[in-house]
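Per the working numbering, the very first residue in the sequence shown carries number -9; after that it's consecutive. Every residue, glycine too, gets a C-beta built ideally from N, C-alpha and C. These notes are about the structure you will find just below.
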Amino acid sequence: MEGFKYRQTGVSRSAKQPLLEFVLDGLRAGGCTILHSSDARHAPFFITYETAGGERNGVLVYAFLANSKVTKNRPIDEHRFQVKYGGDVRASLDIEQDPAGLVTTIFVGIDVELGILVGADPVLHDGTPMFISIEFKRRDVEQVLKKGWHAWERDSTRRVGEPVETLVAVRRDRILDYIRFERAAVGLDQGHRQLLAERALMVQAVDAVAQHLLIRELGLPEGALLDLIHQTGRLKMAVRGWVAEVHLEELLQRLPGVDDCHRLDGEGRPDLSVRYRGRAPVLIECKNVLRTVTGDGMPRIDFQRTRASKADPCSRYYRAAEFSVLAACLHARTENWEFKFAPTAALPPHATCAGRLKSALKVDASWYADAEAVLDLVSVRA
């Protein structure tokens, strides 16, 4: 951990000291011995600790003050924390990760008075603009105060175009469990992030839950799973999509009319190529659904890239010409590796970005459960 380098920002020690002490007290409450803590005048905080079982780890903490101060023109039941280091409103925050995996990064708001920590996905928020606020509701605060651990999908009051995200909140005495959760959740899509967090609510040992979800429930032998991660250039980040793609590839390869099916590696490319009944290859994009369904019980997909080019905000959204079929993996909702399919031509267009596809999709009755039927529909003679 001594070799881990990260960018530091000067901050107000008096403002940040209570947040640092909150994390340190939470680790001590979890039976940890603090080995090292950085000074509160530098952000993020860097802490190393030893657990009661003798495990030594580090955590990099991007922490901001959370509160429920009444704000003009905002809901009275709203709590929030503002992402702010320094005074440059045009700056963005690079949230760093230890490539060796020895240090866990967390990105959190801390309400010292209520004794809770609310965490957002540090991978999703890497490069996030400064001075944005992350809001949550009183009802969610009440749940974490009651249960000690609570996970939910952030309300759709976010700015237009923001990705859907899962927030996880804990009382101070479960900070160690929360750090273990974030270590296991690195790179997961938001649906599986919420599924993992909901499982963690049931037990104190988050590592056991993570193993259950990420190894046993993935439906692959442990060795095969590790080989998959090792062979893929995107490494841990690949977990959020590649496991679903493996199951989809296996499903398609079993179809009698499929001559060839293989996954495509590379940033910006579709996920699979399928040659069906001697016809031209069909390109397929695979996405995991969110954990939370629509009001009428339909699975949902947040169909956009995590970030866009500053020169072209529409680059966040997919073009209809990039692939022929969208496959929705339902595992985050059903906990089974099953899929629904939609021809790209049937997907709704984006309301303001010409040539792009709508990001908020509902997997309704118009989607195909039969992969052969959708391949028959979209494939053409070579």
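With distances taken between CB atoms, is the gap from residue i to residue j smaller than 7 angstroms?
i, j, result
"PHE54", "GLY99", "yes"
"HIS237", "TRP327", "yes"
"ASP292", "CYS276", "no"
"VAL370", "PRO333", "no"
"LEU157", "VAL108", "yes"
"ALA159", "VAL134", "yes"
"GLN180", "VAL154", "yes"
"GLU152", "THR94", "no"
"VAL439", "PRO8", "Since the first and last residues shown for the chain are -9 and 372, residue 439 lies out of range."
"ARG306", "GLN294", "yes"
"ARG128", "ASP29", "no"
Roughly how many angstroms separate the alpha carbons of residue i and residue j, rounded to a whole number?
i, j, result
"VAL283", "ARG290", "6 angstroms"
"LYS6", "LEU14", "13 angstroms"
"PHE97", "LEU186", "17 angstroms"
"HIS321", "GLU240", "15 angstroms"
"ALA350", "LEU25", "45 angstroms"
"PHE329", "LEU114", "25 angstroms"
"SER356", "MET288", "11 angstroms"
"ARG244", "TYR358", "17 angstroms"
"ARG46", "GLU362", "51 angstroms"
"GLY48", "THR(-1)", "19 angstroms"
"ARG64", "ILE106", "22 angstroms"
"ASP366", "GLU325", "28 angstroms"
"ALA81", "VAL248", "50 angstroms"
"ARG137", "PHE12", "Reading off the sequence shown, one finds Lys at residue 137, where the question assumed Arg. C-alpha separation (whole angstroms): 19 angstroms."
List the endpoints of the continuous beta strand (DSSP E) containing residue i.
i, result
"GLY93", "In the sequence as presented, Gly is not what sits at residue 93; that position holds Val. Its beta strand (DSSP E) spans residues 93 to 101."
"ALA27", "First, the amino acid is wrong: residue 27 is Ser here, not Ala. Residues 23 to 27."
"ILE122", "Element bounds for ILE122: n/a, residue is neither H nor E."
"ILE165", "Note, ILE165: premise wrong, no beta strand (DSSP E); alpha helix (DSSP H) at 165 to 175."
"GLU275", "272 to 278"
"GLY109", "106 to 110"
"TYR75", "Counting along the chain, TYR75 falls outside any beta strand (DSSP E), and DSSP gives it neither H nor E."
"HIS115", "HIS115 -> no beta strand (DSSP E), and no H or E assigned at all."
In the DSSP assignment, the alpha helix (DSSP H) including residue i goes from what residue to what residue?
i, result
"TYR52", "Per DSSP, TYR52 belongs to no alpha helix (DSSP H); it is in the beta strand (DSSP E), 46 to 57."
"HIS321", "321 to 324"
"PRO8", "3 to 19"
"PHE71", "It is not in any alpha helix (DSSP H) - PHE71 instead sits in the beta strand (DSSP E) that spans 68 to 72."
"ASP130", "128 to 137"
"ASP366", "361 to 368"
Please look up how many angstroms separate the CB atoms of residue i and residue j, rounded, as I've assumed it's under 8 angstroms.
i, j, result
"ALA56", "HIS69", "6 angstroms"
"ALA336", "VAL279", "Contact doesn't hold; Cβ gap of about 17 angstroms is too wide."
"VAL272", "VAL315", "6 angstroms"
Run the proximity test for residue i: is its beta-carbon closer than 6 angstroms to any non-hydrogen atom belonging to the ligand PLP?
i, result
"THR(-1)", "Of ligands this structure carries none, so the ligand PLP is not represented either."
Does the segment 16 to 24 touch the segment 151 to 165, meaning 3 or more C-beta pairs lie closer than 8 angstroms?
Contact between the segment 151 to 165 and the segment 16 to 24 is present, with at least three C-beta pairs closer than 8 angstroms.
On the three-pair Cβ rule with 8 angstroms, is the segment 337 to 353 touching the segment 298 to 314?
For the pair of segments examined, the segment 337 to 353 was found to touch the segment 298 to 314: the number of CB pairs separated by less than 8 angstroms reaches three.
Counting Cβ pairs closer than 8 angstroms, one from the segment 27 to 41 and one from the segment 118 to 138, do we hit at least three?
No, the segment 27 to 41 is not in contact with the segment 118 to 138.
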